[in-house]
Amino acid sequence: MMPLSGFFPSFDHYAFLISKCIKHKHLKVGMSLHSHLIKSALSFDPFLANRLIDMYSKCNSMENAQKAFDDLPFKNIHSWNTILASYSRAGFLSQARMIFDEMPHPNIVSYNTLISSFTHHGLYVEAMDIFWQMQQDFDRLVLDEFTFVSIVGTCACLGALEMLRQVHGAAIFIGLEFNMIVCNAVINAYGKCGEPGTSYSVFSRMQKRDVVTWTSMVVAYTQTSKLDDAFRVFRSMPVKNVHTWTALINAFVKNKYSNEALDLFQQMLEEKYSPNAFTFVGVLSACADLALIAKGKEIHAIIIRRSSDLNFPNVYMCNALVDLYSKSGDMKSARTLFNLVPKKDVVSWNSLITGFAQNGLGREALIAFRRMIEVGIKPNEVTFLGVLSACSHTGLSSEGLYIMELMEKSNDIKPSLDHYAVLIDMFGRKNRLAEALDLISRAPNASKHIGIWGAVLGACRIHDNLDLAIRAAETLFEMEPDNAGRYVMLSNVFAAASRWMDAHNVRKLMEERGFKKEVAQSFIEIRNFAEMKLRNNFPARGKHCSFVMAALAFTIVVLWAWGENSFITTSQSVQAWYRTSYSGFMVGSTYSSVIPDTVKENTEKTYSNSSTKEETVKDDAHSEVTHTYAASTINFNRSKSSENSKYLAQTSGAAFESTLFFYFLNFSACSYGNGEWVLDDSRPLYSGFGCKRWLSATWACRLTERTDFSYERYRWVTKDCELPAFERSEFLKRMQDKTIAFIDDSLGRQQFQSLMCMATGGEESPEIKDVGKEYGLVKAKGAIRSDGWAYRFPSINTTILYYWSTSLNELLPLNMSDPATSVAMHLDRPPAFLRNFLHLFDVLVLNTGHHWNKVKVRENRWVMYKDGIRSELDNLKEIDTAKNYTVHSIVQWLDLQLSSHPRLKVFFRTISPRHFRNGEWNNKGSCVNTTPLSRGSKVEQNRSNDPIVESAVSGTQVRMLDITALSDLRDEAHRSHYNIKGTSGGSDCLHWCLPGIPDTWNMILFAQM
601 MMPLSGFFPS FDHYAFLISK CIKHKHLKVG MSLHSHLIKS ALSFDPFLAN RLIDMYSKCN
661 SMENAQKAFD DLPFKNIHSW NTILASYSRA GFLSQARMIF DEMPHPNIVS YNTLISSFTH
721 HGLYVEAMDI FWQMQQDFDR LVLDEFTFVS IVGTCACLGA LEMLRQVHGA AIFIGLEFNM
781 IVCNAVINAY GKCGEPGTSY SVFSRMQKRD VVTWTSMVVA YTQTSKLDDA FRVFRSMPVK
841 NVHTWTALIN AFVKNKYSNE ALDLFQQMLE EKYSPNAFTF VGVLSACADL ALIAKGKEIH
901 AIIIRRSSDL NFPNVYMCNA LVDLYSKSGD MKSARTLFNL VPKKDVVSWN SLITGFAQNG
961 LGREALIAFR RMIEVGIKPN EVTFLGVLSA CSHTGLSSEG LYIMELMEKS NDIKPSLDHY
1021 AVLIDMFGRK NRLAEALDLI SRAPNASKHI GIWGAVLGAC RIHDNLDLAI RAAETLFEME
1081 PDNAGRYVML SNVFAAASRW MDAHNVRKLM EERGFKKEVA QSFIEIRNFA EMKLRNNFPA
1141 RGKHCSFVMA ALAFTIVVLW AWGENSFITT SQSVQAWYRT SYSGFMVGST YSSVIPDTVK
1201 ENTEKTYSNS STKEETVKDD AHSEVTHTYA ASTINFNRSK SSENSKYLAQ TSGAAFESTL
1261 FFYFLNFSAC SYGNGEWVLD DSRPLYSGFG CKRWLSATWA CRLTERTDFS YERYRWVTKD
1321 CELPAFERSE FLKRMQDKTI AFIDDSLGRQ QFQSLMCMAT GGEESPEIKD VGKEYGLVKA
1381 KGAIRSDGWA YRFPSINTTI LYYWSTSLNE LLPLNMSDPA TSVAMHLDRP PAFLRNFLHL
1441 FDVLVLNTGH HWNKVKVREN RWVMYKDGIR SELDNLKEID TAKNYTVHSI VQWLDLQLSS
1501 HPRLKVFFRT ISPRHFRNGE WNNKGSCVNT TPLSRGSKVE QNRSNDPIVE SAVSGTQVRM
1561 LDITALSDLR DEAHRSHYNI KGTSGGSDCL HWCLPGIPDT WNMILFAQM
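So in my numbering, spot 456 of the sequence shown is number 1056, and the numbers just go up one at a time.
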């Protein structure tokens, strides 16, 4: 950017060039411009400096943005707001709050930026706190419409109706009663809070309305299922947009008016509106409800043609398509669409599992369920309902019972009556009616559930159990006095037992009570409409139905003749028979499961190809082909070994049930905490003399006066399952574009340093960037060290960070101006760092414990608080109770957050053992042993040695990283009394030498990830 022919860029030229850098995200050009501004003494101009800050932030270089801000000698309010907006936009809410608190006089823009940012990231309580803080500065600030739009949205998300009314009143008070932007937000918010009448009151008083106003009113009615009112407003709209059409279509589908939804979609197209992704999701759901497969395929074709506009494939449309093809019986297409889903969520897996269940493919449903667990997606109630249905429809009663047990014990999901109904249906199909009755007597309120007794009555009809059928029918008559179908079913039970008089009496009783048997009906798709045929009465398009029915009958006769005619059938080859397909799935064949461990290799091939580990579900290998299923097809995996093929051919029926059952037992019982320490000359994983950038010299025992290093050469071997070897390349590959966070005391810092050394092999890695500033992890003035560290591998965008938190809860000084003030220890609040950055993490490891003692409580002047008020717990006498409460509180909070952060995996590490002898850390305690495994080498236990953590994570999505017992055997591996040459210090029997025990913690962490 050298000046040409004596021309020097002017102020306006620089501003224009910076704008171009922002538009095209040219960071290097922007940095070059910045250097020219410094040379031309224009870098201190507030306007250009603010533009530079904005440029750096939008080019994802917050470090340079902060430097540009810090270099400004005179910062105006626009400078502060620019850096505040930069951090907010990047999601660094902790830094944004720090900037806000440092601002000398924040204005309305400052408040609006922070409130909207907190709301956008789901921190609704924090947003409300800022708003109420803003009210205290009411004399100086003039609230505007943007303030109220953000805070009204916060109230709606919280469902806080009374708070919403207060905020609405404040808007009216300052003269924003008829402001269109505020009114639109208020209409939508009242609808979300279940008050569409209040929404309409606001709507009717508005002097001017735009398309957003009308759409907000339509949505407000649909949120409470008032479809007539919603349609009335919709028809009155002077101008509509795609969002209005989509809201109404999805509302019709949600309320089971699928035909009306399709009519509305057709009208939308005729009026030249272009559907968006969510429109198509609603329409596909309508097609699925009506089993309109041809119409659904037509919609699918439109989506493919517009894939670039719709960002297809995406998870929402793929889930809807999987549901559509599953309900139409085309599971081959459903699996293909499932494999296209970029990031599968629990809905994706539920759609596939339920599809398998509905189509009688129980074993495929179980395989998919197993794979779902393996990839880390936690099943919910709907998942288990689908898996139980699959077991019921395919007679896998042993698996069904185990799935029910798994739901309660491993996933802490309380079975609903719908789950019990499916289980009873499963017993009924197996003629295990006594067990079904026993389950009804034990399940809460099961005797009052219609579905349960309906399943019993259906089973009685199949197995001719008259006495129980009468009991079930009488119960159903009381529950559903108007349901004629129950009378018909009981009559059929009597007829099947040749008790014709009883069958006649039931029919007569039905007529006396004024009930009529529902007219038999069927649906057939004619020109993309679901036509209903009732006995001999045809609808308006009956001629088309008659023609199609006749053609269908003719086709059936021809096909029957084809199959019966020996001349025609022998003219086809066996291979041609095998190529004959029906929905891509096997019918009536002998299918052999590949779930047992002995053929686990085959299962892996089913779901992942040889070059990638993507979550794919492909057609599995089955047993040898026989003429039994000549009219069906399957994609064979020819690469199976002959030994496994023989096994598959022999495994079926009861063998499948037992092997699957024991597979699930083994799968759930796998514990990395049970095993043995063994000598391994390939250890350690990195050199104790290296890794100087990340490894604290205090813990690098190779640099101390210690002479025995045999502790480095031991490897943990698990008993129940294999602990995978740690491979740097594999770890970095799997962690690409991910962030791993450790929030812990100094033991967590050791685990963090260990992982950095393992990931780099202890080698010098100058390319790895320190990104601590992005997380506010900077060393404060006068501090010994920063609150943590964060490093990024730029080539793969992997970030590993550590945040120091001794108590794992929020600590707030009671008097900010007094250095000796007590500190409020909020037992039920997670640290602000965790709340602010949780959305950026993919893996989170937590622990606390070693600072919960009397000495630390006194030193830190902690005062315990619960629910924002001083706790009644004695600060010194009830420390263990307080710790227990904190651990359980943070686990429960994280468990609630995980539904909003589906990619996040959370691990709570159990306590690391101490080995002080003849005293404690502050009382001449020591650990002088250097002999490995003097305390034994094996761990065999059913429970963790840390009952607090085990109890806290039980029944949650938070996983336990159980390292206590295996670490307790290694008392020789502490730093002990050895110090760096030329220094002195006491014994450290808490922290470990590195390389050492924390390396094993990380191997287990990686295995569990």
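For glycine and all other residues, C-beta sits at the position ideal for the given N, C-alpha and C.
Given residue i, which residues of its chain have a CB within under 6 Å of its CB, disregarding the five upstream and five downstream residues?
{"i": "D1562", "result": "G1273, T1510, S1544"}
{"i": "A1095", "result": "A1103"}
{"i": "E1215", "result": "Here E1215 scores only 39 on pLDDT, less than 50, and its place in the model is too uncertain to base an answer on."}
{"i": "Y790", "result": "T798, S799"}
{"i": "L1440", "result": "T1339"}
Please confirm whether residue i and residue j have their CB atoms less than 9 Å apart.
{"i": "G753", "j": "A785", "result": "yes"}
{"i": "V802", "j": "I781", "result": "no"}
{"i": "F938", "j": "I902", "result": "no"}
{"i": "T719", "j": "N681", "result": "no"}
{"i": "M662", "j": "A685", "result": "no"}
{"i": "R1559", "j": "K1505", "result": "yes"}
{"i": "Y1286", "j": "F1342", "result": "no"}
{"i": "L1566", "j": "W1316", "result": "yes"}
{"i": "L1355", "j": "N1602", "result": "yes"}
{"i": "A727", "j": "I708", "result": "no"}
{"i": "T846", "j": "W814", "result": "no"}
{"i": "T1339", "j": "T1399", "result": "yes"}
{"i": "M1026", "j": "L1068", "result": "no"}
{"i": "V839", "j": "V883", "result": "no"}
{"i": "Q1492", "j": "T1556", "result": "yes"}
Kindly examine the ligand HEM and report whether one of its heavy atoms sits closer than 8 Å to the Cβ of residue i.
{"i": "L1444", "result": "The ligand HEM is not part of this structure, which contains no ligands at all."}
In this structure, what does DSSP give as the bridge partners for residue i?
{"i": "K1369", "result": "R1392"}
{"i": "S1576", "result": "D1588"}
{"i": "D1344", "result": "W1404"}
{"i": "Y1314", "result": "L1279"}
{"i": "V1613", "result": "As displayed, the chain neither begins before 601 nor continues past 1609, which places residue 1613 out of reach and without an answer."}
{"i": "Y1087", "result": "Per DSSP, none; premise fails for Y1087."}
{"i": "Y800", "result": "Note: Y800 sits in no beta bridge, so no partner."}
{"i": "V1423", "result": "P1413, W1462"}
{"i": "R1509", "result": "L1561"}
Just tell me which of the options has its CA closest to the CA of residue i.
{"i": "R809", "options": "D828, N779, D829", "result": "N779"}
{"i": "T1531", "options": "H1574, I904, L1438, K897", "result": "H1574"}
{"i": "E1478", "options": "W1452, N676, I1469", "result": "W1452"}
{"i": "I653", "options": "S619, K639, D1012", "result": "S619"}
{"i": "K1373", "options": "N664, H626, L633", "result": "N664"}
{"i": "F674", "options": "A891, L648, Y1311, T798", "result": "L648"}
{"i": "S1296", "options": "N1579, L1440, L1496, Y790", "result": "N1579"}
{"i": "F1309", "options": "R1392, K1466, W1592", "result": "W1592"}
{"i": "C1301", "options": "P1595, S1346, G1449", "result": "P1595"}
{"i": "D744", "options": "D729, Q733, L764, Y711", "result": "Y711"}
{"i": "S928", "options": "S640, S908, T824, L892", "result": "L892"}
{"i": "E1074", "options": "W1100, R1099, V1106", "result": "V1106"}
{"i": "V749", "options": "F731, Q736, L741, E762", "result": "F731"}
With a threshold of 7 Å on Cβ separation, who are the neighbours of residue i within its own chain once the five nearest residues in sequence on each side are excluded?
{"i": "L1279", "result": "R1313, Y1314"}
{"i": "A830", "result": "V818, Y821, T822, L848, A851"}
{"i": "H678", "result": "P646, N650"}
{"i": "L1023", "result": "L988, G1000, M1004, L1039"}
{"i": "I1597", "result": "S1567, R1570, A1573"}
{"i": "S657", "result": "A665, S686, R689, A690"}
Could you pull out every residue in the same chain whose Cβ sits closer than 8 Å to the Cβ of residue i, ignoring the five residues on either side in sequence?
{"i": "C621", "result": "L627, V629, G630, L633, M655, C659"}
{"i": "I1396", "result": "L1332, K1333, M1335, Q1336, D1337"}
Next item on the list: Evaluate the contact criterion for the region 981-995 versus the region 954-961: three or more CB pairs, one atom per stretch, below 8 Å.
Entry: These segments touch.
Next item on the list: Please determine if the region 1450-1464 and the region 1400-1411 are in contact, where contact requires at least 3 C-beta pairs separated by less than 8 Å.
Entry: yes
Margin query: Whether or not the region 887-901 and the region 916-925 are in contact is what I'm after, with contact meaning three or more pairs of Cβ atoms, one per stretch, closer than 8 Å; do they touch?
Written below: yes
Notebook entry, point to check: So does the region 1432-1447 actually touch the region 692-709, counting three or more Cβ pairs closer than 8 Å?
Noted result: yes
Notebook entry, point to check: Taking three-plus beta-carbon pairs below 8 Å as touching, is the region 1344-1363 in contact with the region 1416-1425?
Noted result: No, because fewer than three Cβ pairs between the region 1344-1363 and the region 1416-1425 fall closer than 8 Å, the two stretches do not touch.
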